[in-house]
Amino acid sequence: MDNIVIETNLLTKRFGNFTAVDKISFQVTKGEIFGFLGANGAGKTTAMRMLCGLSIPTSGSGTVAGYDIARQSEMVKRNIGYMSQKFSLYEDLKVWENIRLYGGIYGLSEKAIAEKTDRLLQTLNFENERNTMVKSLPLGWKQKLAFSVAIFHEPKIVFLDEPTGGVDPVTRRQFWELIYQASDRGITVFVTTHYMDEAEYCHRVSIMVDGRIEALDTPKNLKLHYGVKNMQEVFYHLAQTAKRGD
Amino acid sequence: MDAISVNKISKSYGTVRALQEVSFEVQKGELFGIIGPDGAGKTTLFRILTTLMLPDLGTATVNGLDVVTDYKEIRRQVGYMPGRFSLYQDMTVEENLTFFATLFGTTVRENYDLVKDIYQPLEKFKTRRAGKLSGGMKQKLALSCALIHKPSVLFLDEPTTGVDPVSRRDFWEMLQRLKKQGITIVVSTPYMDEAVLCDRIALIREGQFMGIETPQEIVNSYQERLWAVHSNKMSSLLAELRTFKGIQSCFSFGDVLHVTVIDDQLSPASLKCFLVKEGHADVEVYPIQATIEDCYMLLAK
Amino acid sequence: MLILFGMPIVQIILFGFAVTTEVQNIRLAVLDSSNDQATTEIVHELKANPYFGSVMYVHTTEEINKTFLENKADIVLTFEENFQQNLLHTGSASIQLLVDGTDPNMCKILVGYVTNILAVYQQKYATSENTTIQINPHVKMLYNPQTKSAYNFVPGVMGLILMLICAMMTSISIVREKETGTMEVLLVSPIKPLYIVFAKMVPYFVLSCVNLATILLLSVYVLGVPMSGNLGLLVAISMLFILVALSIGLLISTVVDTQVAAMLVSGMILMMPVILLSGMIYTIESMPVPLQYASHIIPAKWYILCVKKVMIEGLGIHAVYHEVIILFIMAFVLLTISIKLFKDRLQ
Chain A
0 MDNIVIETNL
10 LTKRFGNFTA
20 VDKISFQVTK
30 GEIFGFLGAN
40 GAGKTTAMRM
50 LCGLSIPTSG
60 SGTVAGYDIA
70 RQSEMVKRNI
80 GYMSQKFSLY
90 EDLKVWENIR
100 LYGGIYGLSE
110 KAIAEKTDRL
120 LQTLNFENER
130 NTMVKSLPLG
140 WKQKLAFSVA
150 IFHEPKIVFL
160 DEPTGGVDPV
170 TRRQFWELIY
180 QASDRGITVF
190 VTTHYMDEAE
200 YCHRVSIMVD
210 GRIEALDTPK
220 NLKLHYGVKN
230 MQEVFYHLAQ
240 TAKRGD
Chain B
0 MDAISVNKIS
10 KSYGTVRALQ
20 EVSFEVQKGE
30 LFGIIGPDGA
40 GKTTLFRILT
50 TLMLPDLGTA
60 TVNGLDVVTD
70 YKEIRRQVGY
80 MPGRFSLYQD
90 MTVEENLTFF
100 ATLFGTTVRE
110 NYDLVKDIYQ
120 PLEKFKTRRA
130 GKLSGGMKQK
140 LALSCALIHK
150 PSVLFLDEPT
160 TGVDPVSRRD
170 FWEMLQRLKK
180 QGITIVVSTP
190 YMDEAVLCDR
200 IALIREGQFM
210 GIETPQEIVN
220 SYQERLWAVH
230 SNKMSSLLAE
240 LRTFKGIQSC
250 FSFGDVLHVT
260 VIDDQLSPAS
270 LKCFLVKEGH
280 ADVEVYPIQA
290 TIEDCYMLLA
300 K
Chain C
0 MLILFGMPIV
10 QIILFGFAVT
20 TEVQNIRLAV
30 LDSSNDQATT
40 EIVHELKANP
50 YFGSVMYVHT
60 TEEINKTFLE
70 NKADIVLTFE
80 ENFQQNLLHT
90 GSASIQLLVD
100 GTDPNMCKIL
110 VGYVTNILAV
120 YQQKYATSEN
130 TTIQINPHVK
140 MLYNPQTKSA
150 YNFVPGVMGL
160 ILMLICAMMT
170 SISIVREKET
180 GTMEVLLVSP
190 IKPLYIVFAK
200 MVPYFVLSCV
210 NLATILLLSV
220 YVLGVPMSGN
230 LGLLVAISML
240 FILVALSIGL
250 LISTVVDTQV
260 AAMLVSGMIL
270 MMPVILLSGM
280 IYTIESMPVP
290 LQYASHIIPA
300 KWYILCVKKV
310 MIEGLGIHAV
320 YHEVIILFIM
330 AFVLLTISIK
340 LFKDRLQ
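Residue numbers (numbering that gives the first Met the number 0), protein chains in the order written: chain A, 0 to 245; chain B, 0 to 300; chain C, 0 to 346.
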């Protein structure tokens, strides 16, 4: 199945005698929006780091975009995009300079960057902000821009770590509309969030508890399975079983 | 006497107007929520009320004390938990608590009753360094530290940001218990769903309050016709409804779309009929009660 | 930005002028017991040399000591009695060169200059009078008979280390609280800002005292630097200096907001000037006048002077009261300013 862009097999990470990620196995397909949920300390960040090629698994294996995450981390990095709530853009650079910089990092040609910049600013309705310093943009705008920059080089997969924390409700929804557009173009979106309504927007959701994936299905099936109305309750149901006192 | 009284407070940083003529009162023993996204001015307001900053214009009192002139006395009476976890990362859990008790000239033992519920789950980690705790645990410790001197007013600036839903729910339960003990609590949050847990809320946006009421009143004041719409093709549904005449706005809310309808002729049944014709299956359209988030989005327009 | 572009300029100027190993404006004192033609000619030769600044005459051995103690001369020339007579009759005469040995580099240079000039004079004399003469300079290093360089660098290192540790650590520790946000909570508590300041200073004061003890023990027992003066006095002066350094650290912390900035500022504005202008490596007397004035505001300069005097030259409080008073004033002024500037609000 060449449609699978992320695949892990008993992926495990231990720090000393603490097992942060405990034999997780799952698959994510092309263009899918995959919600990666879990309580604080459940092991999400560690798992995400391994998938991005930033941390080597203790045991088990995984491939991202067809490359082994332990042995071909350089190739993995070339084929993914990443954005988080904290690190997004260079605050002291203008909007277009940020785009130019990321385009340059991924080796796009001058011409391609110029064309794509125009298109990007147009989609975001940012044409008037081209020369604005990033630091003077509202948070929500920054996050939308950061996302667009993260997929600027058309990666196969984009990893989003709590991209909408603290963003106002309207912009938060516009952000998700960008995610949908990316997914329609075939980019796989791997996203963590603490907003449970956002979990509903994902095609499939996994919930991590104590380093293991306790549930993985579509939001609809999860709700059916646990007999509850919304994802919030699914989450309560599962996360309460956590033994690990953080 | 109100616990907090704010009268036309304004504050600017250069050309950025962080707060514009904000006024409100908080009664003794009230749980007052300030709801708004990052950058709306919540932190500035907290810093003025905790005497860390001076307002450019306007006056404010906490427990009847002026935030500018009586700041030393206010500092004795309030507890403050800033947005960032302001614990000493390299001190242990227990050392942090003892340190903050000493800072306010009291002891942990003297006020242990007040923090007991919150601190107890942390007892087993009391020799662990605060920096090694997870988000939820840090938050509990920070709250314990803010409470250890028995403040009469508690200021919590975004205590639940970045915290998972389960820890958030626990945290709000703790706040309800503190409220029962007569402590006035002012809390800010970007999470709209937490608003319903407050006695009264202020919706803040770009330095201005858009309304101060009980959550119920805010929801009741929502005048639009609001429907939930669902089908098997949600993303194309969103696009179609946006261009549909008679629908003013359309936003995703979990697994449904919330649409506001301005065409009086349109009924849920007729919209459903239309959508089925357009090729949607599993279509559901039904009127719903607005949430705080709907109200916020309406007011923010 | 200012730092980035300003630093090279400042450094080039400082290094260019201060970091010459040439010694200029040498202050010469002469004890001339014979006061004859030959001695006058020699003194005249020395005066004519561009490296030498002023010449003063002393008349007794006690006065020699005094000129050194009061730091009025860099080198003292003592002509033996009947200098010219000896030259005429025996063809040789001797001169004693007394130098302050606490700065061995400077010593060597000074002695080199003088012996060169003497050799030139010998040459001249030989051609004009047609006889060969021999002038024998006897060099005597005061305070540091073996010209150990440790005598020079130990006081310097003491000044540098105490300044860096106290100032840098205090500033960083306060700024770190600003960065992590704990300062917000501290400020909201009823604790007085003065207490916060003192709570920050005391540990580093203690730490610095430990450092001081270590340096002293190492210098005396490992490097063989003598502890000629009163230990109590030295410790007292050192504590005063530590206080000055702590106040500087505090001052830095009130003006910067990040740890990195605190590091940079303390590194740039403390370390460089201390190394260059404190007299630790480069002799202040041979710097251009503006830099000599600039060196007056460097606390380490005064401290290093004190250490040299008390520790190596074995002098008492009367010899250093001038420096001590300056350090006192510095401590008082800096501490007052920084406590005044320490904000009990964010802004």
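The C-beta atom is built at its ideal place from N, Cα and C for all residues, glycine as well.
Asked	Found
Which whole-angstrom value describes the C-beta separation of Gln83/C and Asp35/C, a residue pair presumed to lie in contact below a C-beta threshold of 8 Å?	4 Å
With a cut-off of 9 Å, does the C-beta of Thr242/B fall near any C-beta of chain A?	no
If you draw a straight line from the C-alpha of Ile5/A to the C-alpha of Ile8/B, how long is it?	52 Å
Sort out for me which residues DSSP pairs Trp226/B with in a bridge.	Val258/B and Pro286/B
Output yes if chain A places a C-beta closer than 9 Å to the C-beta of Glu157/B; else output no.	yes
Please report how far the alpha carbon of Pro289/C lies from the alpha carbon of Leu276/C, in whole angstroms.	11 Å
At a CB distance below 7 Å, what residues from the segment 284–298 of chain B approach chain A? Give them in sequence order.	Glu292, Tyr295 and Met296
Which term fits Ala194/B, buried or exposed, when burial requires 16 or more other beta carbons within 10 angstroms of its beta carbon?	buried
Among Gly63/B, Gln138/B, Leu237/B and Gly57/B, which has the Cα closest to the Cα of Gln88/B?	Gln138/B
So which residues of chain B does Trp140/A contact, with C-beta pairs closer than 8 Å?	What Trp140/A touches in chain B: nothing, since even the nearest Cβ is about 10 Å away.
Output, in chain order, the set of chain B residues within a Cβ distance shorter than 7 Å of Pro189/C.	Lys71, Arg74, Arg75 and Phe103
Is it buried or exposed for Met0/B, if we count other Cβ within 10 angstroms and need 16 for buried?	exposed
Return the chain-ordered list of same chain residues with a C-beta closer than 7 Å to the C-beta of Leu68/C, the five sequence neighbours on each side being excluded.	Leu314 and Ala318
Select from the segment 47–68 of chain B all residues with a C-beta closer than 9 Å to any C-beta belonging to chain C, and list them in chain order.	Thr49, Thr50, Leu51, Met52 and Leu53
Can you name the residues of chain A whose CB is closer than 8 Å to the CB of Met191/B?	Pro168
So, is Asn135/C buried or exposed, given that buried needs 16 or more other C-beta atoms within 10 angstroms?	exposed
May I ask whether a heavy atom of the ligand HEM can be found less than 8 Å away from the beta carbon of Ser172/C?	The ligand HEM is not part of the structure shown, which contains no ligands of any sort.
Taking Cβ to Cβ, would you say Ala38/A is nearer than 9 Å to Gly135/B?	yes
Can you tell me where the beta strand (DSSP E) holding Ala92/C begins and where it ends?	Ser91 to Asp99
Is it buried or exposed for Leu193/C, if we count other Cβ within 10 angstroms and need 16 for buried?	exposed
Do you know how far the Cα of Leu9/A is from the Cα of Lys248/A?	Residue 248/A lies beyond the range of chain A shown here (0 to 245); nothing can be said about it.
Let's see if you can read the secondary structure: which residues bound the beta strand (DSSP E) around Arg167/B?	Looking at the DSSP string, Arg167/B is not in any beta strand (DSSP E); the run it does join, the alpha helix (DSSP H), is Pro164 to Lys179.
Give the C-beta separation of Ala2/B and Val21/B to the nearest angstrom, bearing in mind that I take them to be a contact with Cβ-Cβ under 8 Å.	16 Å between Cβ atoms; not a contact.
Determine the chain C residues that contact Ser85/B at a beta-carbon separation under 7 Å, and present them in chain order.	Thr179, Gly180, Thr181, Glu183 and Val184
Would you mind telling me which residues of chain B sit closer than 9 Å to Arg344/C, beta carbon to beta carbon, in chain order?	Arg46, Thr50, Leu51, Met52, Leu53 and Tyr70
Anything in the segment 244–267 of chain B with a Cβ closer than 7 Å to a Cβ of chain A? List those residues in chain order, please.	Phe250, Ser251, Phe252, Gly253 and Asp254
Determine the direct distance from the alpha carbon of Ser33/C to that of Ile87/C, and round the result to whole angstroms.	Sequence check: residue 87/C is Leu here, not Ile. Roughly 14 Å between the two C-alpha positions.
Could you name each continuous beta strand (DSSP E) segment of 3 residues or more that falls completely within the segment 117–197 of chain A, going from the start of the chain to the end?	156–160 and 187–191
Hey, how far is the Cα of Pro56/A from the Cα of Lys12/A?	5 Å
Please report the residue range of the beta strand (DSSP E) in which Phe25/A lies.	Phe17 to Thr28
For my contact list, Lys29/A and Thr187/A are in at a C-beta cut-off of 8 Å; report their separation, rounded to the angstrom.	6 Å
So, helix, strand or coil for Pro136/C, using DSSP?	strand
Secondary structure at Asp245/A, three-state DSSP: helix, strand or coil?	Note that Asp245/A scores 46 on pLDDT, short of 50, meaning its location in the model is unreliable; the coordinates nonetheless yield the value given after this. It is coil, neither helix nor strand.
Name, please, each residue of chain B whose Cβ falls closer than 7 Å to the Cβ of Met195/A.	Pro164
Return the first residue and the last residue of the beta strand (DSSP E) that Cys294/B is part of.	Segment Ile291 to Ala299 is the alpha helix (DSSP H) holding Cys294/B; no beta strand (DSSP E) there.
Could you check if Ser337/C is buried or exposed, using at least 16 other CB atoms within 10 Å of its CB as the buried criterion?	buried
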